Amino acid sequence: MTFSPENPQAAEPAIETSHTDEFVEQLRCAADTLPSRINVDPQSVEQGLAKLVLTLIEFIRRLLEKQAIRRMEGGDLSPQQIEDLGLALMKLEAKLNELKTQFGLEDEDLNIDLGPVGRLI
Amino acid sequence: MKVYLYCVTDGEPDLKDVVGLEGRAVEIVNKGLFVVTTPFEGEVVAVTRDNVLQHETVVRKIFSTATVLPFRFGTLTTEAGLQSYLTSHDTALRDRLSQLRDCVEMSVKIIWQNTSEVESEAELTIPDFDQIGAGTAFLMFKRQELLGNERLEQEARDLDDWLRSGLKDVVQQEQVTIEPTQRLVVSASYLVERARMSDYRRELAKLQAERSTLHFLFSGPWPPYTFANIDLEFGAHFGVS
Numbered sequence: 001m002t003f004s005p006e007n008p009q010a011a012e013p014a015i016e017t018s019h020t021d022e023f024v025e026q027l028r029c030a031a032d033t034l035p036s037r038i039n040v041d042p043q044s045v046e047q048g049l050a051k052l053v054l055t056l057i058e059f060i061r062r063l064l065e066k067q068a069i070r071r072m073e074g075g076d077l078s079p080q081q082i083e084d085l086g087l088a089l090m091k092l093e094a095k096l097n098e099l100k101t102q103f104g105l106e107d108e109d110l111n112i113d114l115g116p117v118g119r120l121i
Numbered sequence: 001m002k003v004y005l006y007c008v009t010d011g012e013p014d015l016k017d018v019v020g021l022e023g024r025a026v027e028i029v030n031k032g033l034f035v036v037t038t039p040f041e042g043e044v045v046a047v048t049r050d051n052v053l054q055h056e057t058v059v060r061k062i063f064s065t066a067t068v069l070p071f072r073f074g075t076l077t078t079e080a081g082l083q084s085y086l087t088s089h090d091t092a093l094r095d096r097l098s099q100l101r102d103c104v105e106m107s108v109k110i111i112w113q114n115t116s117e118v119e120s121e122a123e124l125t126i127p128d129f130d131q132i133g134a135g136t137a138f139l140m141f142k143r144q145e146l147l148g149n150e151r152l153e154q155e156a157r158d159l160d161d162w163l164r165s166g167l168k169d170v171v172q173q174e175q176v177t178i179e180p181t182q183r184l185v186v187s188a189s190y191l192v193e194r195a196r197m198s199d200y201r202r203e204l205a206k207l208q209a210e211r212s213t214l215h216f217l218f219s220g221p222w223p224p225y226t227f228a229n230i231d232l233e234f235g236a237h238f239g240v241s
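Take a look at the structure:
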């Protein structure tokens, strides 16, 4: 289906696409990552706070990773320093994955939507 | 008793046959500007499909005959709070109504296929673990991933430029979100004059024909939710349920 220039004054909104299922799937994914309030239900408050804290840690971890790659590309690290830095970041990623599993969180849960600014990560 | 808010308009709206949230009455608060409201007991509006659709139905009904500044779904305040807001923001609200007069909001969403290509590229280059340690290999993988993401970001910026350039003559304002790492790469809202809807649709049809690999979703016309810019300001003053 193509977007027709006909009926320009239509007052009722219409949705036009040839890929309905694909968009439904993608919009569902997007809706799942919309910012939500912290749930103060005592049984789930722990997970809400863990999500916030882990999101910040993930953000900083990615910054460190980028910085390490830039330094590696810049040639100002010895092979041993690259190896040590890589191992440290690998362990940090593994630890974060472990914490995500413990709190039942997926990668996408930590990529919060900041509205017009876009996603955090 | 609180009041639930639907929209602000500068002409007295026709509320014939208009029913509010949960079947409640819809009323007008007249302070020079007209605010369409429903008296509401309670602190929070339930986020249900019916309530969201009813909010949209009320706003759209008013929008069919007048220029509106729609409130975000769930906006509650007190009568005194509303009066105070209208008094202190009268000029700003009138200016905004003037900017949106005879305009509608149109939406474009685009899905692309680029994310999977980057993942498969990263899989192709496997470091030789006999020659380097695990830490170095880890950083090399991350470097590939970063390069792939940078390429995606560049392609997404190109896509944004292409879309902007194609529609610049037929839209008044735009708000475009680009997410290079997602398949749903573009989510755009455009403010379009009613009188130019035909031009807008024609330009979009041209753009769609130019890029057959992209998947498009078009929707509208909607009340100008994205361009009203009153919900955040209002939320900051009185809170949104």
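Listed in order, the protein sequences are those of chains A and B.
Just so we're aligned, residue 1 is where the first sequence starts under the working numbering, counting upward by one.
Just so we're aligned, residue 1 is where the second sequence starts under the working numbering, counting upward by one.
We treat Cβ as the ideally placed atom computed from N, Cα and C, and that holds for glycine.
None of the values given here were measured: they were computed from a predicted structure.
Any beta-carbon of chain B closer than 8 Å to the one on residue i?
i	result
Leu85 (chain A)	yes
Lys66 (chain A)	yes
Glu46 (chain A)	no
Ala30 (chain A)	yes
Phe23 (chain A)	yes
Ile15 (chain A)	yes
Leu89 (chain A)	yes
Ile69 (chain A)	yes
Ile57 (chain A)	no
Ile122 (chain A)	No information on residue 122 (chain A) is available, as it lies outside the stretch 1 to 121 that chain A covers here.
Pro26 (chain A)	The question names Pro, yet the displayed sequence has Gln at residue 26 (chain A). Yes, Gln26 (chain A) lies at the interface with chain B (some Cβ there is under 8 Å from its Cβ).
Ile82 (chain A)	yes
Going by beta carbon distance, what residues of the same chain come within less than 7 Å of residue i, once the five residues before and after it are set aside?
i	result
Leu97 (chain B)	Asp10, Thr67 and Leu69
Glu79 (chain B)	Val3
Leu92 (chain A)	Arg61
Lys109 (chain B)	Leu184, Val186, Ser187 and Leu217
Leu99 (chain A)	Leu54
Asp90 (chain B)	Gly32 and Leu33
Thr248 (chain B)	Nothing can be reported for residue 248 (chain B), as the shown portion of chain B is limited to 1 through 241.
Arg60 (chain B)	Pro223
Ile57 (chain A)	Leu96
Any idea which residues DSSP pairs residue i with across the strands?
i	result
Lys2 (chain B)	B:Phe40
Cys29 (chain A)	Answer is none; Cys29 (chain A) lacks a bridge partner.
Gln175 (chain B)	B:Ser189
Glu16 (chain A)	B:Phe218
Ile28 (chain B)	B:Val36
Val8 (chain B)	B:Val35 and B:Leu69
Leu76 (chain B)	B:Tyr4
Leu184 (chain B)	B:Ile111
What residue does the beta strand (DSSP E) around residue i start on, and which one ends it?
i	result
Leu217 (chain B)	His215 to Trp222
Tell me which same chain residues have a C-beta within less than 6 Å of the C-beta of residue i, skipping the five on either side of it?
i	result
Leu5 (chain B)	Thr37, Phe71 and Thr75
Arg101 (chain B)	Thr67
His215 (chain B)	Ile111
Thr17 (chain A)	Phe23
Glu174 (chain B)	Tyr190
Tell me, please, whether the CB atom of residue i is closer than 8 Å to any CB atom in chain A?
i	result
His55 (chain B)	no
Ala122 (chain B)	Bear in mind that the predicted position of Ala122 (chain B) carries a pLDDT of just 48, short of 50, making it unreliable; the figure below should be weighed with that in mind. No, no contact with chain A.
Arg143 (chain B)	yes
Ile62 (chain B)	no
Phe216 (chain B)	yes
Trp162 (chain B)	no
Ile230 (chain B)	no
Ala46 (chain B)	no
Phe138 (chain B)	yes
Gly23 (chain B)	no
Trp112 (chain B)	no
Arg183 (chain B)	yes
Gly148 (chain B)	no
Lys109 (chain B)	yes
Ser165 (chain B)	no
Ala156 (chain B)	no
Ser219 (chain B)	yes
Gly133 (chain B)	yes
Starting from residue i and walking both ways along the alpha helix (DSSP H), at which residues does that stretch end?
i	result
Val242 (chain B)	Here chain B has residues from 1 to 241 only, and residue 242 (chain B) is not among them.
Asp158 (chain B)	Ala134 to Leu167
Pro79 (chain A)	Pro79 to Gln102
Arg70 (chain A)	Val45 to Gly74
Ala46 (chain B)	Note, Ala46 (chain B): premise wrong, no alpha helix (DSSP H); not H, not E.
Lys206 (chain B)	Met197 to Glu210
Please find out if some non-hydrogen atom of the ligand SAH comes closer than 7 Å to the beta-carbon of residue i.
i	result
Arg202 (chain B)	Absence of the ligand SAH from the depicted structure is noted, as is the absence of any ligand whatsoever, leaving it without description.
In chain order, what residues of the same chain have a beta carbon less than 8 Å from the beta carbon of residue i, not counting five sequence neighbours either side?
i	result
Ile77 (chain A)	Checking the sequence shown, residue 77 (chain A) turns out to be Leu, not Ile. The residues are Arg71 and Leu85.
Phe103 (chain A)	Glu46, Gln47, Ala50, Lys51 and Leu54
Ile28 (chain B)	Glu12, Pro13, Leu15, Phe34, Val35, Val36 and Thr37
Length-filtered (4 minimum) alpha helix (DSSP H) runs lying within the stretch 85-121 of chain B:
90-100
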